[in-house]
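K.L.:
If you want the numbering used here, it's the position in the sequence shown, counting the first as 1, plus 97. Before I ask anything, let me first share the structure, which is written out below as structure tokens.
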Amino acid sequence: MTNGVEKGHTFPVLLFFHGGGWVTESVDTYNRVCARMSQSTGHIVVSVEYRLAPEYRFPTALMDCYAAAKALYTNNLILNTDSRRITIMGDSAGGNLAAAVALMARDNGEFQVYRQILIYPALYNTYTAASPYASVQKNGTDYLLTAVKMQDYLNLYESCPEDRVNPYFAPLLARDFSNMPETLILTAEFDPLRDEGEDYGKKLAEAGNYVEVHRIKDALHGFFALGIRFFHVQESFSYMNEFLKREV
Numbered sequence: 098m099t100n101g102v103e104k105g106h107t108f109p110v111l112l113f114f115h116g117g118g119w120v121t122e123s124v125d126t127y128n129r130v131c132a133r134m135s136q137s138t139g140h141i142v143v144s145v146e147y148r149l150a151p152e153y154r155f156p157t158a159l160m161d162c163y164a165a166a167k168a169l170y171t172n173n174l175i176l177n178t179d180s181r182r183i184t185i186m187g188d189s190a191g192g193n194l195a196a197a198v199a200l201m202a203r204d205n206g207e208f209q210v211y212r213q214i215l216i217y218p219a220l221y222n223t224y225t226a227a228s229p230y231a232s233v234q235k236n237g238t239d240y241l242l243t244a245v246k247m248q249d250y251l252n253l254y255e256s257c258p259e260d261r262v263n264p265y266f267a268p269l270l271a272r273d274f275s276n277m278p279e280t281l282i283l284t285a286e287f288d289p290l291r292d293e294g295e296d297y298g299k300k301l302a303e304a305g306n307y308v309e310v311h312r313i314k315d316a317l318h319g320f321f322a323l324g325i326r327f328f329h330v331q332e333s334f335s336y337m338n339e340f341l342k343r344e345v
């Protein structure tokens with residue numbers, strides 16, 4: 098995608114972190130999804146091959162994604178980029194990583210993230226009966242992604258029990274939600290992760306950030322990986338493109 102780039106010209110970029118519970122999937126398995134994103138948004142898509150659990154547990158995947166973001170935002174990659182035209186993005190576990198990168202960037206001050214898109218992100222630290230989110234109980238057994246599977250993913254991702262209270266592991270546990278990027282959150286109606294994504298949007302908005310939250314009606318977790326002919330995917334790109342038009 099970078100062939101023929103004119104010197105001094107910058108292109109809009111989506112820095113993408115794939116889903117898969119921090120355990121599965123790869124740049125290769127998400128290639129079709131990323132190609133569709135590029136075509137549908139007019140953005141270059143930079144997809145990150147972060148290391149997976151359980152061989153590489155928290156915070157390895159996060160630090161891989163943070164390093165990629167730092168390199169892109171500070172122009173240490175082949176792309177000639179303008180940081181205001183970069184959007185970090187992820188789905189499911191990738192949404193967790195995108196949210197955590199944005200938090201870490203704000204806390205470290207090494208670069209500034211201006212915009213993020215979180216697709217049905219995983220943002221909390223438990224998917225048992227102890228979860229405060231009704232969607233875990235209501236949608237956690239009869240649909241594609243189960244609460245048991247999410248709990249298994251967390252067990253494989255964590256390095257120790259103390260990780261569960263780290264806001265970079267579970268961004269909903271952050272104490273300060275101020276000075277965060279403009280944010281678009283898309284949730285799926287029949288998804289155990291639905292309520293935590295919407296709660297994260299509420300917390301960001303209450304802290305004074307610009308936030309859009311859209312629940313995709315009748316959708317299941319994972320719908321974004323379906324083909325462009327599916328209405329839920331088309332609806333998502335409609336929200337994304339309107340969001341990406343905003344000046345930051």
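Glycine included, C-beta positions come from ideal geometry on N, C-alpha and C.
Starting from G187, follow the beta strand (DSSP E) in both directions and report where the run begins and ends.
P.N.:
183-188
K.L.:
Buried or exposed for S333, please, with buried defined as at least 16 other CB atoms from any protein chain shown within 10 angstroms of its CB.
P.N.:
buried
K.L.:
Specify, as a first and last residue, the run of the beta strand (DSSP E) that E309 falls within.
P.N.:
308-317
K.L.:
Among residues of its own chain, excluding the 5 on either side of A164, which ones have a beta-carbon nearer than 8 Å to its beta-carbon?
P.N.:
none
K.L.:
Taking the CB atoms as reference points, tell me whether F114 and F266 lie closer together than 8 Å.
P.N.:
no
K.L.:
Where do the ends of the beta strand (DSSP E) carrying L112 lie?
P.N.:
110-114
K.L.:
For Y224 versus P289, is the C-beta distance shorter than 8 Å?
P.N.:
yes
K.L.:
Quick check: what's the CA-CA separation for N338 versus M186?
P.N.:
Cα-Cα distance, rounded: 13 Å.
K.L.:
Can you tell which of Y153, R148, V245, A166 has its C-alpha closest to the C-alpha of G206?
P.N.:
When only C-alpha atoms are compared, the closest one is A166.
K.L.:
Would you say the segment 233-240 touches the segment 281-301, given that touching needs at least three Cβ pairs under 8 Å?
P.N.:
yes
K.L.:
Applying the criterion that 16 or more other CB atoms from any shown protein chain within 10 Å of the CB defines a buried residue, is I282 buried or exposed?
P.N.:
buried
K.L.:
Does the distance from the C-beta atom of R212 to that of T107 stay below 8 Å?
P.N.:
no
K.L.:
Since A323 is in the beta strand (DSSP E), which residue starts that stretch and which ends it?
P.N.:
Note on residue identity: the sequence assigns Leu, not Ala, to residue 323. Where L323 is concerned, there is no enclosing beta strand (DSSP E), given that its DSSP letter is neither H nor E.
K.L.:
For a test of the three-state rule: what should DSSP assign to F155, helix, strand or coil?
P.N.:
coil
K.L.:
Which class does F287 belong to by DSSP, given the choice of helix, strand or coil?
P.N.:
strand
K.L.:
Would you please state the rounded distance, in angstroms, between the beta carbons of C131 and S144? I believe it to be under 8 Å.
P.N.:
Approximately 5 Å separates the beta-carbon atoms of C131 and S144; this is inside 8 Å, confirming the contact.
K.L.:
For S137 and M160, what's the separation of their Cα atoms in angstroms?
P.N.:
29 Å
K.L.:
Considering Cα atoms alone, identify which of Y297, G319, L174, T121 is closest to E152.
P.N.:
Checked all of Y297, G319, L174, T121; the closest Cα to E152 is T121.
K.L.:
Curious, which full-length beta strand (DSSP E) runs of at least 3 residues does the segment 210-262 contain?
P.N.:
212-216
K.L.:
Within this structure, are the beta carbons of I214 and F340 separated by less than 8 Å?
P.N.:
yes
K.L.:
For K300, which residues of its own chain have a beta-carbon under 6 Å away from its beta-carbon, when the five flanking residues on both sides are left out?
P.N.:
F274
K.L.:
Would P258 and N193 qualify as a contact pair, given that the criterion is a beta-carbon distance under 8 Å?
P.N.:
no
K.L.:
Nearest-angstrom Cα distance between V233 and A244?
P.N.:
6 Å
K.L.:
Tell me whether F328 is buried or exposed, calling it buried when 16 or more other Cβ atoms sit within 10 Å of its Cβ.
P.N.:
exposed
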